[in-house]
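Step one of this worksheet: look at the structure below.
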Amino acid sequence: VWAGLRPGLADRLREAEFLWRTSQADFMLPARPRPTLGEELDDVDRLDDERYVSAALVTTCGNRVHFTSPSPLGDAAARDLALDLAQARGPRQEAFAERLLADPAAVRARVRETLEACAEAFFDSAWADAAVRLATDLRLKNDLLKRQGPGAALASVSGAVTLAPDGDGILVDKLLDKVTHAHGTGVTFIPSVFGRPHLAVVHAPGWQPVVQYPVTEPGPSRPVSLDTVALRLEALSHPARLRLLRTLARGAHTNGELAHTWDMTPPEVSRHLALLRRAGLLVGRREGRYVRYSLNLSDLTALGTDLLAAVLR
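Each residue of the sequence shown is one higher than the one before, counting from 1 in the UniProt record's numbering.
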């Protein structure tokens, strides 16, 4: 898809990609999904600026920070904090946050125009196939719910989603410890063809809970040698490297950002990153003077399967 995009559209997608990549802004996961992209964008347009900006800043500045009250749109201290956090994330995040806080209406219009351009460029054609797979998945989930109850339906969503023992709650096995309530509104489950392996959850106060899960797509995997599997297991055996992976699972970071996040020295981080790269668990992409590292999600996700396949061969 990237290779076939017009340069202008590719640049516009990168301007705000942190709104919909690994961490998604809450308004990108609708509690009431609509039949068309245009209708869902209309729902986003109905959000007031405070709500839109607060949700957008969470993924722009890092999802450990929630901007509620006071709002960065009206409070100088909250604004400075948002800009400082965005700057630490990278130049694109900083530029986006500055534009968003200076002129929310213009940024909102530009984001919508970008998504509409994507529909024309590639999404509409991809949606024709995706819609069939999503409808099939929803039909199977609803059948499970009717025949076997919520426990079986939740288990089919993901092994990380279970019904609480008392039957009065849903447990999602994520790194964050958060609680939200769905009294009266319920929880919306949205299947995704392109979201693998992420299980995204909307849990912020004031938002209806939403769980976006990947549609199951079983298939044969490329054989991986036992030596490669052993190297990857060794790379994951150190607690410091697991902490780095925890941060990288949320998005690409530079050596300096990782060192600052975990109070480590840059050379120490470099040594750990080098081992993870040798194991094939990281991908590096140069941006000017910096290299941003991200997880090789497909190989990391398949590690358990690869291990079993290797020892059974």
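We put the CB at the ideal spot given by N, CA and C, even for glycine.
Where do the N-terminal and C-terminal ends of the beta strand (DSSP E) with Pro191 fall, by residue?
Counting along the chain, the beta strand (DSSP E) containing Pro191 begins and ends at Thr188 to Ser192.
Could you compute how far the alpha carbon of Ala97 sits from the alpha carbon of Leu83?
Cα-Cα distance, rounded: 6 Å.
To the nearest angstrom, how far is it from the Cα of Ala86 to the Cα of His260?
Spanning the two alpha carbons is a distance of roughly 14 Å.
Are there 16 or more other CB atoms within 10 angstroms of the CB of Ser237, so buried, or fewer, so exposed?
Exposed: under 16 other Cβ atoms inside 10 Å.
Tell me, please, which residues DSSP counts as bridged to His253.
According to DSSP, which records beta bridges pairwise, His253 is partnered with Tyr293.
Name the one or two DSSP bridge partners that Gly167 has.
Gly167 pairs with nothing; no bridge assigned.
What three-state label does DSSP hand Val229 in the structure shown?
DSSP places Val229 in helix when its eight states are reduced to three.
Give the DSSP bridge partners of Val201, in chain order.
Paired residue(s): Val211.
Would you say the stretch 272–279 touches the stretch 239–258, given that touching needs at least three Cβ pairs under 8 Å?
Touching, yes, given that three or more Cβ pairs across the two stretches are closer than 8 Å.
What are the complete alpha helix (DSSP H) segments, minimum 4 residues, inside the stretch 18–95?
As far as the stretch 18–95 is concerned, its whole alpha helix (DSSP H) runs of at least 4 residues are 37–45, 49–61 and 76–89.
Less than 7 Å between the C-beta atoms of Val224 and Ala130, yes or no?
No; because the gap between Cβ atoms is not below 7 Å, this pair is not in contact.
Roughly how many angstroms lie between the CA atoms of Arg92 and Ala3, to the nearest whole one?
If you take the alpha carbons of Arg92 and Ala3, they lie about 21 Å apart.
Name the DSSP bridge partner or partners of Arg286?
The partner list for Arg286 (beta bridge, DSSP) reads Val291.
Within the continuous alpha helix (DSSP H) that includes His272, where are the two ends?
Taken as a continuous stretch (DSSP letters only), the alpha helix (DSSP H) holding His272 covers Pro266 to Arg278.
Can you give the Cα-Cα distance for Phe123 and Asn255, rounded to whole angstroms?
Going by the C-alpha atoms only, they are around 34 Å apart.
Taking only runs of the alpha helix (DSSP H) that begin and end inside the stretch 123–186, which ones reach a length of at least 4 residues, in chain order?
The qualifying runs are 124–148 and 150–157.
Does the separation of the CB atoms of Pro205 and Leu297 fall below 7 Å?
Cβ distance not < 7 Å, so Pro205 and Leu297 don't count as in contact.
Let me know the secondary structure DSSP gives Leu281 once reduced to three states.
Here Leu281 sits in coil by DSSP.
Could you tell me whether the Cβ atoms of Val201 and Val157 are closer together than 7 Å?
Not in contact: Val201 and Val157 (Cβ atoms no closer than 7 Å).
Looking at C-alpha atoms only, which residue of Gly62, Thr216 and Val111 is the closest neighbour of Thr22?
Checking every option, the nearest Cα to that of Thr22 belongs to Gly62.
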